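**Student:**
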RNA sequence: GGAUGGGUGUCGGAGUGGUCUAACGAGACAGUCUUGAAAACUGUUGUACCAGCAAUGGUACCGUGAGUUCGAAUCUCACCCCAUCCGCCA
């Protein structure tokens with residue numbers, strides 16, 4: 208959600224933003240609706256003022272005749288007021304609907320593009336792993352080592368179902384523990400949030416109304432969130448913070464549920480794309496200025512880069528192009544890990560900032576040093592998702608004998624150096 | 001699944017359809033008094049939108065939305081939310 212005043216004064220920017228994000232949105236339609244809204248508001252407020260003024264007269268009328276006369280006058284005003292309010296009601300529906308579709312404006316540094324193929328590489332780290340043998344993919348390795356059962360996963364859950372077993376489970380716990388130490392050591396408060404959430408939180412974060420199809424829903428009308436970002440953003444909804452409390456840094460840990468409704472042909476094999484997984488997520492609320500947003504955005508992304516580096520997995524970082532940005536995102540970095548068997552970098556992390564797009568919808572404010580109420584800025588980034596991280600971890604660290612070398616930093620958490628011996 | 005009670009300002013808490021510009025109390029802030037503090041006393045104390053360069057003016061907000069009325073915190077209806085009890089489960 209953007210400020211209507213800002214939209215009116217910068218409608219060209221909005222039009223360019225929509226085009227860059229490949230979102231079909233006509234800002235002129237919103238301006239037209241807003242013109243009607245303003246007119247109806249001014250007009251009905253004037254009539255109401257008249258009515259308010261007459262009220263005292265009616266209450267203190269000296270004679271019944273005087274009173275009857277005043278009431279008769281106000282009956283006329285009432286009819287006019289009802290007409291204005293009818294207009295206002297109709298246009299407000301339209302207006303609110305349009306306001307929910309206004310895209311946030313991408314940063315200058317976001318490249319143009321039509322799809323994730325146009326994302327701009329800004330960093331590569333590590334050597335793409337070379338093998339003196341024919342590397343296998345993670346499904347083959349894990350199945351052979353009793354770490355993964357896709358067949359029975361499918362039997363029980365259906366398409367994209369999986370069982371992790373044995374050392375795969377231990378590896379997940381090791382990664383979670385390590386991540387908790389790593390990110391916790393950088394000032395993030397660990398949080399296990401509710402992931403079955405009320406609808407309002409999804410509107411607030413910008414996942415609704417557009418993302419309805421990708422979400423699981425309960426019979427009570429609640430939703431299973433696809434990321435801990437949703438409940439963490441809801442945490443301070445409708446609250447006013449003090450500037451001294453900012454920035455707030457959270458490390459959420461939660462299961463994540465995604466229907467992957469629009470991705471039926473994509474990544475049909477293995478652990479890349481699944482309906483339920485676990486994720487540690489960084490969320491920050493900070494002061495309302497662009498520099499702070501940029502600073503924390505870089506910080507959040509660097510945290511995950513350094514985490515991946517400590518595991519010694521080759522990766523690259525991209526700036527997502529316009530078409531790959533969500534409605535509310537100003538800028539987004541993806542970190543992609545090298546997957547040897549596919550010979551491709553695959554997304555593992557996504558860090559974005561929103562300015563006050565989310566906090567306006569959620570009504571998260573703070574008082575700045577002058578005492579002025581302001582909407583905070585929000586940003587978030589993946590810390591680490593499981594089991595997706597296992598794909599590149601296992602494929603990059605596989606050995607000729609079919610075993611897996613555990614990254615040294617994880618040995619302390621995992622308990623042994625090699626899986627499969 | 002069944003039953004009941006309740007949503008008022010920063011908080012507690014009143015509120016017979018018109019003077020609600022929401023009583024009263026607490027808190028916070030400022031001042032008086034004081035060597036300083038406490039106490040006491042006095043005053044101030046929300047948010048959003050519209051018009052305006054501004055000073056300022058207007059409107060709305062008592063959970064949300066409709067309705068009745070010249071006029072609604074107050075009456076009617078629907079919904080949302082909160083709490084408690086019983087049952088069931090962990």
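In this note's numbering, the protein residues as written are 208 to 628.
Yeah, the Cβ is synthetic: ideal placement off N, Cα and C, and Gly gets one too.
In this text, all values refer to a predicted model and were calculated from it rather than measured experimentally.
1) When the Cα atoms are used, what is the spatial distance from residue 424 to residue 467?
2) Roughly how many whole angstroms lie between the Cα atoms of residue 256 and residue 428?
3) Quick one: using the 10 Å Cβ neighbour count with 16 as the cut-off for buried, is residue 367 buried or exposed?
4) On the three-pair Cβ rule with 8 Å, is the region 490–501 touching the region 576–590?
5) Starting from residue 438 and walking both ways along the alpha helix (DSSP H), at which residues does that stretch end?
6) Does residue 434 pass the burial test, meaning 16 or more other C-beta atoms within 10 Å, or should it be called exposed?
7) For residue 580, count the other beta carbons within 10 Å of its own beta carbon; 16 or more makes it buried, fewer makes it exposed. Which is it?
8) For residue 627, which residues in the same chain have their Cβ closer than 7 Å to its Cβ, ignoring the five residues on either side in sequence?
9) Which same chain residues, not among the five before or five after residue 232, have their C-beta less than 6 Å away from its C-beta?
10) What three-state label does DSSP hand residue 587 in the structure shown?
11) Do residue 465 and residue 474 have their C-beta atoms within less than 8 Å of each other?
12) Do you know offhand how far residue 617's Cα is from residue 362's?
13) Drop a sphere of 10 angstroms on the beta-carbon of residue 282, count the other beta-carbons inside from all chains shown, and report buried for 16 or more, exposed for fewer.
14) For residue 264, does the three-state DSSP call read helix, strand or coil?
15) Among 505, 236, 539, 598, which has the Cα closest to the Cα of residue 551?
16) Measure how close the beta-carbons of residue 380 and residue 456 come, nearest whole angstrom, since I'm counting them as under 8 Å.
17) Of the residues 591, 535, 574, which one's Cα is nearest the Cα of residue 565?
18) Using 8 Å as the threshold, is the C-beta distance between residue 386 and residue 489 below it?
19) Rounding to the nearest angstrom, what Cα-Cα distance links residue 266 and residue 276 in this structure?
20) Pop quiz: residue 411 and residue 444 are said to be a contact at Cβ under 8 Å. What is the actual Cβ separation, rounded to whole angstroms?
21) Give the DSSP-derived three-state secondary structure of residue 639 in the structure shown.
22) Would you mind sorting residue 389 into buried or exposed? The rule is 16 or more other CB atoms within 10 Å of its CB.
23) Could you check the C-alpha separation between residue 482 and residue 607 for me, to the nearest Å?
24) Could you check how far apart the C-beta atoms of residue 215 and residue 298 are, in whole angstroms? I think they sit under 8 Å.
25) In its own chain, which residues sit with a C-beta less than 8 Å from the C-beta of residue 567, not counting the 5 before and 5 after it?
26) Taking the alpha-carbon positions, what's the residue 192 to residue 285 distance?
27) If contacts are defined as beta-carbon pairs under 8 Å, then residue 332 and residue 594 qualify, I think. What distance do you get, rounded to the angstrom?
28) Would you identify the three-state DSSP class for residue 615, choosing helix, strand or coil?
29) Give the secondary structure of residue 424 by DSSP, where H, G and I count as helix, E and B as strand, and everything else as coil.
30) In or out: residue 322 buried (at least 16 other Cβ within 10 Å) or exposed?
**Tutor:** Quick look at the numbers:
1) 14 Å
2) 41 Å
3) buried
4) yes
5) 436–441
6) buried
7) exposed
8) 352, 609, 610, 611
9) 225, 308
10) strand
11) no
12) 32 Å
13) exposed
14) helix
15) 598
16) Incorrect: roughly 24 Å between the Cβ atoms, too far for contact.
17) 535
18) no
19) 13 Å
20) 6 Å
21) Since the first and last residues shown for the chain are 208 and 628, residue 639 lies out of range.
22) buried
23) 32 Å
24) Wrong, their Cβ atoms sit about 15 Å apart, outside the cutoff.
25) 208, 209, 210, 582
26) Outside the displayed span of the chain (208 to 628) sits residue 192, for which this structure offers no information.
27) Residue 332 to residue 594, Cβ: 22 Å. No contact.
28) helix
29) strand
30) exposed
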